[in-house]
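Colleague:
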Amino acid sequence: MKVDEALSKVLTGADDAKTTSFGDHYWYSTPMFETSDPALKWIEDAAWVGQGRVVVDESGAAVEYEIYQVVN
Amino acid sequence: VIHRHDTNSWLTESDPNNVRVSRREAGGHGRNAVCRNLDYIKAYHVGPNSQATSNIHCPSSSSQKTHIISHHLLKTPTMAPHLEKRFTMRGYTSKDGTCDLKAMRGGPSRLIVPVTGGFIKGHGVDAEVLRGGGDWPLVRPAMTVTASISSVLTLSHHSSTHQPASHILTFGLTRAHPTATSSSSTTTE
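Taken in sequence, the protein lines are chains A and B. Count the first sequence with the working numbering and you get residues 15 to 86, in order. Count the second sequence with the working numbering and you get residues 26 to 214, in order.
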């Protein structure tokens, strides 16, 4: 993640921090999953890429990722 | 006519007129081909799970009826992977329990930010983030941040079977899987 002005406001808890959109930032991740659910074991073996944004709502500040599976 | 040799080699097919194509394996590479009286051949690369095709133009010459398609012309076509959206994951953070460890060994700053709730949804997954997870980002002087999130989620159901919640899903951005046990005491696994 490259911290820009909008992200900096969220990270510092600024009062004027706002929800951003996916693609507003250079913010990518490679998440991993583990699960006890046999029906979801496939997600442990898949390759994942996440794109991040911040959400500020009545529940507080949150990081949010859209998570994509890498496929052929 | 498709000339098959094995499941992992280049295969060739004639042009739409399907006149004649001969093909040979040279040097053990399996990628050289010979075509005669054709404007192009179609080359296939067949892997275990996919098949790529590309048209290979033969150098045209009225005096030369046989052309050898060189190895580099038959190289594997680009098969870049692509991304398919599966989930949306949201993790609410708490300012109250956030710790700033400042510069670690004179390098980037370490933050510890508790993750207090949230969800992951999509593609048959519906799970709630449990308290106890955390983000331990490293903040470098150039203001690039490497997130280090680890959260545990309970699966409420997944649409394929509609089973009640009885399973756990963990979400992590590092292999270290740090776990914040409280706002004043932390451990790592």
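By construction, the Cβ of each residue, glycine as well, lies at the ideal position given by its N, Cα and C atoms. Treat the numbers as computed from the prediction; the structure is a model and nothing was measured.
Is there a Cβ from chain A that is less than 8 Å from the Cβ of Gly116(B)?
Modeller: yes
Colleague: Please name the residue in Lys16(A), Ser22(A) and Pro52(A) whose C-alpha comes closest to that of Ala31(A).
Modeller: With distances taken between Cα atoms, Ala31(A) lies closest to Ser22(A).
Colleague: Just to check my reading of the structure: Pro139(B) and Leu163(B) have Cβ atoms closer than 8 Å, yes? What is that Cβ distance to the nearest angstrom?
Modeller: Not confirmed; about 17 Å, so no contact.
Colleague: Which term fits Ala172(B), buried or exposed, when burial requires 16 or more other beta carbons within 10 angstroms of its beta carbon?
Modeller: buried
Colleague: Skipping 5 residues on each side, what residues in its chain have a beta carbon closer than 6 Å to that of Ala82(A)?
Modeller: Looking at the sequence itself, residue 82(A) is Tyr, so the reference to Ala does not match. Correct list, in chain order: Val63.
Colleague: In angstroms with no decimal places, state the Cα-to-Cα distance between Val69(A) and Phe36(A).
Modeller: 10 Å
Colleague: Any idea what DSSP makes of Leu54(A), helix, strand or coil?
Modeller: helix
Colleague: Quick one: which residues of the stretch 154 to 175 of chain B get their C-beta closer than 9 Å to a C-beta of chain A? List them in chain order.
Modeller: So the list reads Asp160, Pro162, Val164, Ala167, Met168, Thr169, Val170, Thr171, Ala172 and Ile174, given in the order they occur along the chain.
Colleague: Is the shortest distance between the beta-carbon of Thr195(B) and the beta-carbons of chain A less than 8 Å?
Modeller: yes
Colleague: Can you tell me whether Leu224(B) is buried or exposed? The criterion is at least 16 other CB atoms within 10 Å of its CB, across all chains shown.
Modeller: Coverage of chain B is limited to positions 26 through 214, which leaves residue 224(B) absent and any answer about it impossible.
Colleague: Who are the near neighbours of Glu58(A) in its chain, counting only those whose CB is closer than 7 Å to its CB and skipping five residues on each side?
Modeller: Phe47, Glu48 and Thr49
Colleague: Would a check of beta-carbon distances place Lys146(B) closer than 8 Å to chain A?
Modeller: Closer than 8 Å: no.
Colleague: How many Å lie between Ser185(B) and Ser176(B) at the Cα?
Modeller: For Ser185(B), the pLDDT reaches just 46, beneath the cut-off of 50, and the residue's location in the model is therefore unreliable, leaving the point undetermined.
Colleague: Span of the alpha helix (DSSP H) holding Lys23(A)?
Modeller: For Lys23(A), the enclosing alpha helix (DSSP H) covers residues Glu19 to Leu25.
Colleague: If we ignore side chains and look at the alpha-carbon of each, how far apart do Ile137(B) and Leu180(B) end up?
Modeller: 25 Å
Colleague: Within 10 angstroms of the Cβ of Thr118(B), are there 16 or more other Cβ atoms? Answer buried if so, exposed if not.
Modeller: Thr118(B) sits buried, since 16 or more C-beta atoms from the chains shown fall within 10 Å of its C-beta.
Colleague: Could you list which residues in chain B have their beta carbon closer than 7 Å to that of Glu48(A), in chain order?
Modeller: Thr195
Colleague: What's the C-alpha gap between Val85(A) and Trp56(A)?
Modeller: 13 Å
Colleague: Just to confirm the assignment, what range does the beta strand (DSSP E) spanning Gly158(B) have?
Modeller: Membership of Gly158(B) in the beta strand (DSSP E) is indicated by the continuous run Gly158 to Asp160.
Colleague: Is there a Cβ from chain A that is less than 8 Å from the Cβ of Pro139(B)?
Modeller: no
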